[in-house]
Structures are given as structure tokens and as C-alpha cells.
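Right, one structure below, let's go through it.
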Amino acid sequence: MSDWVSACVVGVDIGGSKISAGLVTPEGEILRTRSVATPATPSAILAEVKQLCHELSASFQGEIVAIGIGSAGIVDSESGHVIHANDNLPGWTGTHLSALEIGDGLPVLAENDARALSYGEARMGAGRDYSSLLCVTVGTGIGGGIILDGEIWRGPNYSAGEIGYLVVGWDGDKPIILDQFVSGPGIERAYRASTGAADRVPLTEITRRAYGGELAAAQTIEDKARQLGIVLGGFVAAVNPAALVLGGGVSQIGELWWGALEAAFRESVPSLLRSTPILPAKLGAEAVLLGAALLAWDKMA
Numbered sequence: 313m314s315d316w317v318s319a320c321v322v323g324v325d326i327g328g329s330k331i332s333a334g335l336v337t338p339e340g341e342i343l344r345t346r347s348v349a350t351p352a353t354p355s356a357i358l359a360e361v362k363q364l365c366h367e368l369s370a371s372f373q374g375e376i377v378a379i380g381i382g383s384a385g386i387v388d389s390e391s392g393h394v395i396h397a398n399d400n401l402p403g404w405t406g407t408h409l410s411a412l413e414i415g416d417g418l419p420v421l422a423e424n425d426a427r428a429l430s431y432g433e434a435r436m437g438a439g440r441d442y443s444s445l446l447c448v449t450v451g452t453g454i455g456g457g458i459i460l461d462g463e464i465w466r467g468p469n470y471s472a473g474e475i476g477y478l479v480v481g482w483d484g485d486k487p488i489i490l491d492q493f494v495s496g497p498g499i500e501r502a503y504r505a506s507t508g509a510a511d512r513v514p515l516t517e518i519t520r521r522a523y524g525g526e527l528a529a530a531q532t533i534e535d536k537a538r539q540l541g542i543v544l545g546g547f548v549a550a551v552n553p554a555a556l557v558l559g560g561g562v563s564q565i566g567e568l569w570w571g572a573l574e575a576a577f578r579e580s581v582p583s584l585l586r587s588t589p590i591l592p593a594k595l596g597a598e599a600v601l602l603g604a605a606l607l608a609w610d611k612m613a
């Protein structure tokens, strides 16, 4: 930790289960963090964000110059308005994050959490040596971000990179999207269907069983990893990023998941794309708040 830092941004990560915040220097050093469980309502979430920011500000002797927020949902990064959010944050659609009143009118800058993570990985993580990236988070859902020439490509409606909405099959006339199919809950559903288990088996337990030698658990993980690898191969063929970065809780399963995904990816893409690097995200649990803080620093500059 630096002996003396004159200014920081507070980076905030608003997720479906946890809100985290941290003091971040212009160089991307995280001085200290705080976190709380995500409350049930938008007003309570905003109150917790304000409280975390106040606590961190009070603990810092220098100047807080801005708040950078990475939030679940599709976020208009110009206005800080949450355009759309799913049931992971009920009622979150329509929230105006930039309207948060923190400190003496501190500027509040907001971005989608996956895009914030992508920017952090591009600046200081696995993608720092590449000019373009596709970053994908695989957890309770599927999120993504596209980096072009070192900058986030958001699209005119701020949804670029939302690969979780890709259709991967049909249930009668109802489309099955990638987010439902290969996420953590998707793996749990597939395992339950293959074993006839009466109740949900958590992904952590499925992983433990797989590495313990249970064939059904290992097969389910490998099948879902292969399916994701093939879909990512198609997307990489369309976008042609210099590298693919993968993060999120499912990516922590280990070699069983990574090996199957990479093999399927390389088999499915055109030969000239088979050498595309597939890299594990490096910034860990603080990637979103760090990326959001770095975005805030850049806008302040």
C-alpha cells in the first residue's frame, strides 16, 4: 500500500447477492474494501451504496473525487440510468444511479457490471496485452463485454456483449437462451435431470462429486463446458477479438470445465482462429469495482 495517497475514487459493485465497494487510486491500487449483502428493494440498495461510500470516505485522509459504479443490468453509461434488469435485482429497471447524492455533489458514473469487469481486465488484468477482447462472465448468469482498441464497445443501446441472450435451442416454440443453458443454474438443472435427483444439488457439490469420481457429475460439467465452448467459438468467429477472457464462479470449477470448453472451442472455429488465446480472468472478486473505478478516473481526467 502506498504511504500517502492524495485522491481516490470509490468503486462500487452492485450484484444480485452482494454489494462491494473499495477505495481505488489513479494507478488502480485498491486501498481498502467493504461489502454487504444486497437488500431486497432498490431504495434499500441505494441506501447501502451511500452508506458504504460514506464509510470509505470517512476512513480516507485524502480527497474522494468520484464514485464509479458497476451494476447488474443494462446501464446507459451516459446518464447512469438502468435501462433493463432481470429478476436477480427485482424492480431495478429505471433506477438512476447517477442521481445518488454522495458527499459534496460527487460525480457518480455508472456502467454495466460485465462491461466494468471487461475494462478492468483490459487495463490491469488478463487482457492488458491485447487491443481487443471478448470478456465473458459465467456464474448465476452469462454476461459479457467487448473491448475494441482499449475501449468498451457499448453499442447504440448499451447492450453490446450481452451474449447471454443468444438462442441455443428450442423448447417447443419457446427459445432457450445461453444464460439459462450453461450458467451455474443451467449446470445444476442438467445434473438434476440426468440423475433424477429430487432436490437441487448446488454447483459446489456437483463439482466436489465430479472430482471425487462420480461420472454423472463430471459428464454434466464437461457437456455444459463443451456447449459453451462451441457457442463462444461462433461468437469469436463473428467478432474476431484478439483474445477471449473468461471469469465468474463457474470458471472456478477447474480443469474439468476449462479443458472441455477449450477443446470444443478450438474444434468449432475456423482454422485461422484456433490460436485465439483463451485466458482466465485475473482480477478476481474485485474486478467489477476496480473496472468501474478506472472508468471513473478516466472520465474525470
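Residue numbers (my numbering): 313 to 613.
Ideal Cβ positions, reconstructed from N, Cα and C, are used throughout, including at glycine.
Measuring CA to CA, which of the options is closest to residue i?
{"i": "residue 592", "options": "562, 608, 606", "result": "562"}
{"i": "residue 516", "options": "497, 377, 505", "result": "497"}
{"i": "residue 457", "options": "440, 475, 451", "result": "475"}
{"i": "residue 426", "options": "526, 503, 479, 465", "result": "465"}
{"i": "residue 347", "options": "328, 434, 560", "result": "328"}
{"i": "residue 438", "options": "493, 405, 459, 483", "result": "459"}
{"i": "residue 318", "options": "472, 369, 505, 499", "result": "369"}
{"i": "residue 614", "options": "360, 441, 472, 372", "result": "Limits of the chain in this structure are 313 at one end and 613 at the other, which puts residue 614 out of reach."}
{"i": "residue 445", "options": "599, 503, 558", "result": "558"}
{"i": "residue 537", "options": "550, 451, 482", "result": "451"}
{"i": "residue 455", "options": "416, 495, 435", "result": "495"}
On the CB-based measure, 16 or more other CB atoms within 10 Å of its CB, does residue i come out buried or exposed?
{"i": "residue 424", "result": "buried"}
{"i": "residue 325", "result": "buried"}
{"i": "residue 597", "result": "exposed"}
{"i": "residue 313", "result": "Bear in mind that the predicted position of residue 313 carries a pLDDT of just 43, short of 50, making it unreliable; the figure below should be weighed with that in mind. Exposed, because fewer than 16 other Cβ atoms sit within 10 Å of the Cβ of residue 313."}
{"i": "residue 488", "result": "exposed"}
{"i": "residue 486", "result": "exposed"}
{"i": "residue 539", "result": "buried"}
Check the DSSP bridge columns for residue i and list the partner residues they point to.
{"i": "residue 345", "result": "334"}
Just to confirm my understanding: we take residue i, look at its own chain, exclude 5 residues before and 5 after, and list those with CB closer than 7 angstroms. What are they?
{"i": "residue 443", "result": "461, 462, 554"}
{"i": "residue 611", "result": "421"}
{"i": "residue 418", "result": "376, 378, 379"}
{"i": "residue 354", "result": "403, 404, 407"}
Hey, would you say residue i sits closer than 8 angstroms to residue j, going by beta carbons?
{"i": "residue 381", "j": "residue 350", "result": "no"}
{"i": "residue 477", "j": "residue 603", "result": "no"}
{"i": "residue 322", "j": "residue 343", "result": "no"}
{"i": "residue 410", "j": "residue 391", "result": "yes"}
{"i": "residue 412", "j": "residue 362", "result": "yes"}
{"i": "residue 574", "j": "residue 541", "result": "yes"}
Starting from the C-beta of residue i, find all residues in its chain whose C-beta is less than 8 angstroms away, skip the five residues before and the five after it, and write them out in chain order.
{"i": "residue 566", "result": "519, 523"}
Apart from the five residues just before and just after residue i, which ones in its own chain have a Cβ nearer than 6 angstroms to its Cβ?
{"i": "residue 534", "result": "572"}
{"i": "residue 545", "result": "577, 580, 581"}
{"i": "residue 389", "result": "423"}
{"i": "residue 395", "result": "386, 388"}
{"i": "residue 447", "result": "430, 433, 457, 557"}
{"i": "residue 639", "result": "Since the first and last residues shown for the chain are 313 and 613, residue 639 lies out of range."}
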